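2 protein chains.
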Amino acid sequence: MAEVIGERDGILREELLSFRHFVVETHSLIQKEKNRKFYFCRLPYQNVSHIKEYAGYIRDRFESFVVIGIGGSSLGARMLFESLTETNHNLKKKPKIFFLENVDPEKFKSVLEQIDIKNTCFNVVTKSGSTVETIANFSVILSMLKKELGDNYRENLVFTTDPEKGFLRKLGNQEKIKMFDVPPLVGGRFSVLSPVGLLPAAVAGIDIEELLAGAKKMDLVCSIEEHVEHNPAYLIALSHYIANMRRGKTISVMMPYSEKLSSFVDWYRQLWAESLGKDGLGQTPVKAIGTVDQHSQIQLYREGIRDKIITFLHIEKSDVDYKIPEELPEDISYLSGHSLHEILSKELLGTKAALIKSKVPNITISIDRISSYNIGMLIYLYELATGFSGYLYKINPFDQPAVEEGKNFTYALMGREGYQEKLEEFKELYKEKYKIEVQ
Amino acid sequence: MAEVIGERDGILREELLSFRHFVVETHSLIQKEKNRKFYFCRLPYQNVSHIKEYAGYIRDRFESFVVIGIGGSSLGARMLFESLTETNHNLKKKPKIFFLENVDPEKFKSVLEQIDIKNTCFNVVTKSGSTVETIANFSVILSMLKKELGDNYRENLVFTTDPEKGFLRKLGNQEKIKMFDVPPLVGGRFSVLSPVGLLPAAVAGIDIEELLAGAKKMDLVCSIEEHVEHNPAYLIALSHYIANMRRGKTISVMMPYSEKLSSFVDWYRQLWAESLGKDGLGQTPVKAIGTVDQHSQIQLYREGIRDKIITFLHIEKSDVDYKIPEELPEDISYLSGHSLHEILSKELLGTKAALIKSKVPNITISIDRISSYNIGMLIYLYELATGFSGYLYKINPFDQPAVEEGKNFTYALMGREGYQEKLEEFKELYKEKYKIEVQ
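Taken in order, these protein sequences are the chains called A and B.
257 is the number that our numbering gives to position 257 of the first sequence; each next residue is one higher, with no gaps.
1340 is the number that our numbering gives to position 340 of the second sequence; each next residue is one higher, with no gaps.
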């Protein structure tokens, strides 16, 4: 706030309050949209018994489980897996969980090497049913499965896709493959609390009811509280908006002091960038990890361009910890008796103080520990903050019009029928200048 | 260039050429500084036989090898390991390689669970000899080693530190522990081609002579060519500088179309941010991975704020590849017969065309394949581009003055002697506003 870091970089309380009427009005619009554009707000209330049941079957029957999906079809599930399962899950527990996202053959190989395809369940996830990377990876896997298992290949597949439309749904109907629905009103990046995220989470042994309970709790808090100073989602949205549009903070850094939350930031990056990056507006989300990036990015954050607002994620308690020995040489005796988690927490405080001194605006979100309930709260918090930000920027946070163009050029380059004109356009546009070759 | 995307966002050839005299002058300054500030330019010419020899001993003697270091003491080594060893190295080869960077206890546990401490060599890397995270992790490991091995614990340690100064050197001398030197004239983020990066690389089985041969080649090219249009390092530096200072491109995105180069970007992020982020200047480096981030960030890159210049890294050939089957349903028949690597490459082209259409300036660096020689070239290329950029921005690219403050607050919070005043300052500065609690 301005009272801490000054008015040039900090936000004034009066500014927040000046949006009072806007917030109240938007709050009521959101409540009305919960069965339409804001349908993701309904997800915490769904019945998940069929998901749990099928996940139980997969857990009993298979040694490995591979999500084939990309973007909104995998980031949420991966975030849940990496934050909520035990360290080294795949070394200790069955089924092992993998994500096949990219069409990078090295990545493909690395997954193949770790699974026995006959004992692996593949969850193909694409809302449209036709995402290039997902279908490409799936096609290769499918031919391998058929070769290994003949007609029984079906049992090793689960599709998560639109309930009616698209290639994958059609194929699933034809071949009688087990399918889960992506709710039509929920876009990929808002779908983690649908079967897209919940099925892989349940297979990984995560308590998905607790996850939804946390989301419900946050929904309750944010539905009741229409005052920006008491509604955490609106406060996050509005402070980022003011920081961006009135203080030039065009970059939103999210910096958890926890390696396990690394992919929470990947999930947030898509949510924030794809929802708000349009009409020449929106912040660029940037991932940093504490303390690692203190040794890489803090120089820039303190003394570079003053274009950042930083959100720290702090875990108050760690389920596991290690104590530094009591007897240490004098040079390092200040470490004696502290624990690793204590040092991590104090480094966060030290870094915050240094940023405050440099007048860098920052927000801290503390959770007592990494639990399904708390992650559920965080998911809902950021989804709602993103949806609310759409009203602030006066843009539609639920579309992604600029993503199509690159796909169309790719189709053209692959010789897909009907894309001849696009190929001509490509040749017009694409020019290489300054080609320097070094042998 | 402006002729492709227009003058508002693109660079004019005349602009590049207007720096001609500056470039020639700086080129000659750099040649003179190669034994001083630009000492990293000498590293490709060092004799590495003692590193190879000791690495050979470690490879024979130990099952695992853990680098304990953070920032410049680990990012380079991790980049070499992740880009240049075989996929799933740790599942197939000995010694397994790990990096203990953060003081996150979960991370610490995850490494401990995968090693047998008696059969593990720990490489403690810190130039100053006193980096908090490194010393904290090392202290815990040291007491475990002593417990397991008694006086023989020494054999499981190698220090890489300043040849004369610091706590670690002192301890190493006292306890007669094997040590390698960080050249005093080379800062952490420029040290990957010193024993900091080379020892772990050699232990991982990487051909470090090839790595240096690539760096030498790039040194040769860039030493001979003082014309900006033919010197790849100067062209990268100058085009980023013009994009930043004259076109408002405050963000430099690096986007490899290869998962293996993910940590090359982590290494670049530190180099670019910590070297140039000072005096209110410098770009914010951002990591993106193709194709994954097409489904997360491309919406923003095309239609968000016009503040980005993008560097693509393209791998022309893949050592491994998978072919999509010939017979596919009609809806997806355009994929038939293509390979995963082909799709990856075409997606890169499609994305580039879409960005060109949106007038986003971009650079592509193509390497024929991921090899030690090529990575050596890239390392030297970016180190020199960064050093050269220091002259453009008129800042010292080799210091990091803003990093100390956070450390000092952390020391104060941990009760280190002599930091009482800092603790008072902390209490003055640190104020929490708008604390919202949700149970």
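For each residue, glycine too, the CB sits at the ideal point set by N, CA and C.
Remember, it's a predicted structure, so these values are computed and weren't measured experimentally.
Original post:
Of all the CB atoms in chain E, is at least one closer than 8 Å to the CB of B:N1090?
Top reply: Of the protein chains in this structure, namely A and B, none is chain E.
Original post:
Do A:D279 and B:S1258 come within 8 Å of each other at the CB atom, strictly closer than that value?
Top reply: Counted from its first residue, the second sequence places residue 1258 of chain B at position 258. Counted from its first residue, the first sequence places residue 279 of chain A at position 279. B:S1258 places its beta carbon 8 Å or farther from that of A:D279.
Original post:
Are the segment 1189-1200 of chain B and the segment 1105-1119 of chain B touching, with three or more C-beta to C-beta distances below 8 Å?
Top reply: Output reads no: the segment 1105-1119 of chain B does not touch the segment 1189-1200 of chain B.
Original post:
Does the Cβ-Cβ distance between B:I1367 and B:I1315 come in under 8 Å?
Top reply: Counting from one through the second sequence, the residue named residue 1367 of chain B turns up at place 367. Counting from one through the second sequence, the residue named residue 1315 of chain B turns up at place 315. With contacts defined as CB atoms closer than 8 Å, B:I1367 and B:I1315 qualify as a contacting pair.
**OP:** May I have the straight-line CA-CA distance separating A:N123 from A:L142, to the nearest angstrom?
**Re:** One-based indexing of the first sequence puts residue 123 of chain A at position 123. One-based indexing of the first sequence puts residue 142 of chain A at position 142. Cα-Cα distance, rounded: 12 Å.
**OP:** At 4 residues or longer, and completely inside the segment 1313-1357 of chain B: list those alpha helix (DSSP H) runs for me, N to C.
**Re:** Here the runs fully enclosed are 1340-1357.
Original post:
If you measure from the beta carbon of B:F1108 to each beta carbon in chain A, is any gap under 8 Å?
Top reply: Here residue 1108 of chain B corresponds to residue number 108 of the second sequence, with the count starting at 1. Judged by the 8 Å Cβ criterion, B:F1108 is in contact with chain A.
Original post:
Whose CA, out of A:E3, A:G415, A:Y373 and A:A402, lies closest to the CA of A:D207?
Top reply: As a working note, residue 207 of chain A is residue 207 in the first sequence. Here the closest residue by C-alpha is A:Y373.
Subject >> Members of the segment 13-24 of chain A that neighbour chain B once the beta carbon cut-off is set at 9 Å >> reply: Listed by position, the residues of the segment 13-24 of chain A near chain B (Cβ gap below 9 Å) are R13 and L16.
**OP:** Return the first residue and the last residue of the beta strand (DSSP E) that B:T1284 is part of.
**Re:** As a first step, residue 1284 of chain B is located in the second sequence; it is residue number 284 there, counting from the start. Looking at the DSSP string, the run of the beta strand (DSSP E) that includes B:T1284 is T1284 to K1287.
Original post:
Apart from the five residues just before and just after A:L112, which ones in its own chain have a Cβ nearer than 6 Å to its Cβ?
Top reply: On the first sequence, position 112 is the one that residue 112 of chain A refers to. Non-local C-beta neighbours of A:L112 in its own chain, meaning closer than 6 Å and more than five positions away in sequence, are absent.
**OP:** Kindly indicate the opening and closing residues of the alpha helix (DSSP H) around A:M245.
**Re:** Along the first sequence, read from residue 1 onward, the residue named residue 245 of chain A stands at position 245. P232 to R247 is the span of the alpha helix (DSSP H), which, as asked, contains A:M245.
Original post:
Helix, strand or coil for B:S1262 per DSSP?
Top reply: Reading the second sequence from its first residue, position 262 is the one you call residue 1262 of chain B. Three-state DSSP puts B:S1262 in a helix.
Original post:
Does the beta carbon of A:G415 sit closer than 8 Å to a beta carbon anywhere in chain B?
Top reply: Residue numbering aside, residue 415 of chain A sits at position 415 when the first sequence is read from its first letter. At a cut-off of 8 Å between beta carbons, A:G415 contacts chain B.
Subject >> From A:T26, A:L43 and A:G376, residue whose alpha carbon lies closest to that of A:A215 >> reply: As a working note, residue 215 of chain A is residue 215 in the first sequence. Looking at the Cα atoms, A:G376 is the closest of the given residues.
**OP:** Report the residues of the segment 418-431 of chain A with a CB closer than 7 Å to any CB of chain B, ordered along the chain.
**Re:** Of all residues in the segment 418-431 of chain A, only F426, L429, Y430 and K431 come within less than 7 Å of chain B when Cβ atoms are compared, listed by chain position.
Original post:
Can you list the residues of chain A that B:E1320 reaches, using a CB-CB cut of under 9 Å?
Top reply: Here the question's residue 1320 of chain B lines up with position 320 in the second sequence. Checking the sequence, you will find Val at residue 1320 of chain B rather than Glu. P105, E106, F108 and K109, listed in chain order.
**OP:** Classify A:D181 as helix, strand or coil using the three-state DSSP reduction.
**Re:** If you number the first sequence from 1, residue 181 of chain A lands on position 181. Strand at A:D181.
**OP:** In angstroms with no decimal places, state the Cα-to-Cα distance between B:S1083 and B:T1351.
**Re:** By 1-based counting over the second sequence, the position of residue 1083 of chain B is 83. By 1-based counting over the second sequence, the position of residue 1351 of chain B is 351. Looking at the two C-alpha atoms, the distance is approximately 23 Å.
Original post:
Given a threshold of 16 other Cβ atoms within 10 Å of its Cβ, counted over all protein chains shown, does A:R13 qualify as buried or as exposed?
Top reply: The residue labelled residue 13 of chain A in the question sits at position 13 within the first sequence. Taking all protein chains shown into account, A:R13 has fewer than 16 neighbouring C-beta atoms within 10 Å of its C-beta and is therefore exposed.
Original post:
Apart from the five residues on each side of it in sequence, which residues of its chain come closer than 6 Å, Cβ to Cβ, to A:K52?
Top reply: Numbered from 1 along the first sequence, position 52 holds the residue referred to as residue 52 of chain A. Counting only Cβ-Cβ distances below 6 Å, and skipping sequence neighbours, we find A202.
Subject >> Own chain, CB closer than 7 Å to A:H234, minus 5 neighbours either side, in chain order >> reply: Taking the first sequence and counting its residues from 1, the one referred to as residue 234 of chain A is at position 234. With the sequence shown as reference, residue 234 of chain A is identified as Tyr, and His is not the correct amino acid for it. Only V23, V228 and F388 meet the Cβ criterion.
Original post:
Excluding sequence positions up to five away, which residues of its chain have a Cβ less than 8 Å from the Cβ of A:K34?
Top reply: On the first sequence, position 34 is the one that residue 34 of chain A refers to. The residues are C41 and R42.
Original post:
Listed from N- to C-terminal order along the chain, which residues in the segment 1146-1168 of chain B have their beta-carbon within a distance smaller than 7 Å of any beta-carbon of chain A?
Top reply: Contact annotation: in the segment 1146-1168 of chain B, residues whose CB is within less than 7 Å of a CB in chain A are F1167.
**OP:** Check whether the segment 1352-1359 of chain B touches the segment 1237-1254 of chain B, counting contact only when three or more Cβ pairs, one atom from each stretch, lie closer than 8 Å.
**Re:** Contact annotation: the segment 1352-1359 of chain B does not touch the segment 1237-1254 of chain B, with fewer than three C-beta pairs closer than 8 Å.
Original post:
Could you give the distance in angstroms between the alpha-carbon of A:E25 and the alpha-carbon of A:T386?
Top reply: Position 25 of the first sequence, counted from the start, is the residue given in the question as residue 25 of chain A. Position 386 of the first sequence, counted from the start, is the residue given in the question as residue 386 of chain A. One C-alpha to the other measures close to 17 Å.
**OP:** Measure the alpha-carbon distance for A:V158 versus A:C222 and round it to whole angstroms.
**Re:** Stepping through the first sequence from its first residue, residue 158 of chain A is reached at position 158. Stepping through the first sequence from its first residue, residue 222 of chain A is reached at position 222. Here the C-alpha atom of A:V158 lies approximately 35 Å from the C-alpha atom of A:C222.
**OP:** Please go through the same chain and pick out, in chain order, the residues whose beta-carbon is closer than 7 Å to the beta-carbon of B:K1317, but skip the five residues on each side of it.
**Re:** Position 317 of the second sequence, counted from the start, is the residue given in the question as residue 1317 of chain B. If the five residues before and after B:K1317 are omitted, its C-beta is found closer than 7 Å to the C-beta atoms of D1368 and R1369, all from its own chain and listed in chain order.
**OP:** Note down the Cα distance separating B:R1036 from B:F1398, rounded to an integer number of angstroms.
**Re:** As a first step, residue 1036 of chain B is located in the second sequence; it is residue number 36 there, counting from the start. As a first step, residue 1398 of chain B is located in the second sequence; it is residue number 398 there, counting from the start. If I take the Cα positions, the gap works out to 11 Å.
**OP:** Can you pull the chain A residues whose beta carbon is under 8 Å from the beta carbon of B:I1224, in chain order?
**Re:** Stepping through the second sequence from its first residue, residue 1224 of chain B is reached at position 224. None at all; the shortest Cβ gap to chain A is about 11 Å.
Original post:
At least one CB of chain A closer than 8 Å to the CB of B:S1083: is that the case?
Top reply: One-based indexing of the second sequence puts residue 1083 of chain B at position 83. B:S1083 has a beta carbon lying at 8 Å or more from every beta carbon in chain A.
Original post:
Which residues, in order along the segment 320-340 of chain A, keep a beta-carbon less than 8 Å from a beta-carbon of chain B?
Top reply: The segment 320-340 of chain A vs chain B, Cβ under 8 Å: V320, D321, Y322, K323, I324, P325, L328, P329, D331, I332, Y334, L335, H338, S339 and L340.
Subject >> CB contact check: A:P195 to chain B, cutoff 8 Å >> reply: On the first sequence, residue 195 of chain A is found 195 positions in, with the first residue counted as 1. Cβ-Cβ to chain B under 8 Å: no for A:P195.
Subject >> Proximity of B:P1163 and B:P1184 at Cβ, strictly below 8 Å >> reply: Taking the second sequence and counting its residues from 1, the one referred to as residue 1163 of chain B is at position 163. Taking the second sequence and counting its residues from 1, the one referred to as residue 1184 of chain B is at position 184. With respect to the 8 Å criterion, B:P1163 and B:P1184 are classified as neighbours on the basis of their beta carbons.
**OP:** Return the residues of the segment 20-50 of chain A that lie within a Cβ-Cβ distance of less than 9 Å from chain B, sorted by chain order.
**Re:** Residues: none.
**OP:** Mind the definition here: the segment 1005-1012 of chain B touches the segment 1163-1179 of chain B only if three or more C-beta pairs lie below 8 Å; say whether that holds.
**Re:** Contact between the segment 1005-1012 of chain B and the segment 1163-1179 of chain B is absent, because fewer than three Cβ pairs lie under 8 Å.
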